[in-house]
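Now the structure itself:
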């Protein structure tokens with residue numbers, strides 16, 4: 011006997027998480043996806059992991075690109091989170107971003123950005139776990155956007 015998908019989702023909803031947009035460039039096209047399944051793995055070397063649903067259109071592009079950026083969204087970027095959670099063809103249209111030296115898109119106005127190289131991909135059920143080494147960080151400050159119990163939230167001091 012196991013838990014149902016809904017029971018599992020209900021339990022996970024009790025855990026507040028930051029909201030990120032993972033971005034990459036592959037084949038002269040920009041890709042991005044809203045992701046809450048992100049965490050640090052190691053300090054030495056600096057490793058993170060991010061989990062991407064296998065059915066996501068950008069999953070193969072992230073793998074092909076080999077380079078990704080984790081854009082930690084600020085509390086003012088609910089619209090960005092919602093946009094990158096959709097199936098829009100050009101999610102970058104009308105938003106501010108720049109490209110790093112590898113051509114990876116870096117979103118403007120984020121709390122922080124981690125520029126990474128994928129070093130391992132592990133199948134995990136209906137998701138792929140990307141382990142990536144952090145090559146550069148930018149910390150801009152501000153308050154992060156949080157996701158909790160099915161909705162967006164903010165830190166309260």
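In our numbering, the protein residues as written are 11 to 167. Think of the CB as a built atom: it goes at the ideal place given N, C-alpha and C, for glycine as much as any other residue.
Original post:
Grouping DSSP H, G and I as helix and E and B as strand, with all else coil, what is residue 16?
Top reply: Note: residue 16 maps to helix in three-state DSSP.
Subject >> 7 Å Cβ shell around residue 90 - same chain, five flanking residues per side excluded >> reply: Closer than 7 Å at Cβ, skipping near neighbours: 31, 83, 105, 117.
Subject >> First through last residue of the alpha helix (DSSP H) which encompasses residue 91 >> reply: Taken as a continuous stretch (DSSP letters only), the alpha helix (DSSP H) holding residue 91 covers 88–94.
**OP:** Assuming residue 85 contacts residue 27 (C-beta within less than 8 Å), just tell me the rounded distance between them.
**Re:** Not confirmed; about 14 Å, so no contact.
**OP:** Please list, in chain order, all residues of the same chain as residue 64 whose beta carbon is under 7 Å from its beta carbon, the five residues on each side excluded.
**Re:** Take residue 64, set aside five residues on each side of it, and the residues of its chain with a beta-carbon closer than 7 Å to its own are 136, 137, 138, in chain order.
**OP:** Spatial neighbours of residue 167 within its chain, please: CB distance less than 6 Å, with the 5 preceding and 5 following residues excluded, ordered by chain position.
**Re:** Closer than 6 Å at Cβ, skipping near neighbours: no residue.
Original post:
CB of residue 157 to nearest heavy atom of the ligand FAD: below 7 Å?
Top reply: Looking at this structure, you won't find the ligand FAD or any other ligand, since it has none at all.
Original post:
Considering only the beta carbon of each residue, do residue 80 and residue 140 sit closer than 8 Å?
Top reply: Not a contact, by the Cβ cut-off of 8 Å.
**OP:** List in chain order: all unbroken alpha helix (DSSP H) runs of 4+ residues lying wholly within the region 34–112.
**Re:** Within the region 34–112, the complete alpha helix (DSSP H) runs of at least 4 residues are 69–75, 88–94.
Subject >> For residue 156, the first and last residue of its enclosing beta strand (DSSP E) >> reply: For residue 156, the enclosing beta strand (DSSP E) stretches over residues 155–158.
Original post:
Whose C-alpha, out of 162, 112, 159, is nearest the C-alpha of residue 145?
Top reply: The option with the nearest alpha carbon to residue 145 is 112.
**OP:** Using three-state DSSP, classify residue 122 as helix, strand or coil.
**Re:** In this structure, residue 122 counts as strand in the three-state DSSP scheme.
Original post:
Considering only C-alpha positions, which residue in the set 124, 158, 42, 56 is nearest to residue 69?
Top reply: When only C-alpha atoms are compared, the closest one is 42.
**OP:** Look at residue 148 and residue 94 and say whether their C-beta atoms are less than 8 Å apart.
**Re:** By the CB criterion at 8 Å, residue 148 and residue 94 fall outside the cutoff.
Subject >> residue 58 beta carbon less than 8 Å from that of residue 124 >> reply: For residue 124 and residue 58, yes; Cβs fall inside 8 Å.
Subject >> Residue span of the beta strand (DSSP E) that contains residue 140, given as start and end >> reply: Counting along the chain, the unbroken beta strand (DSSP E) around residue 140 starts and ends at 137–149.
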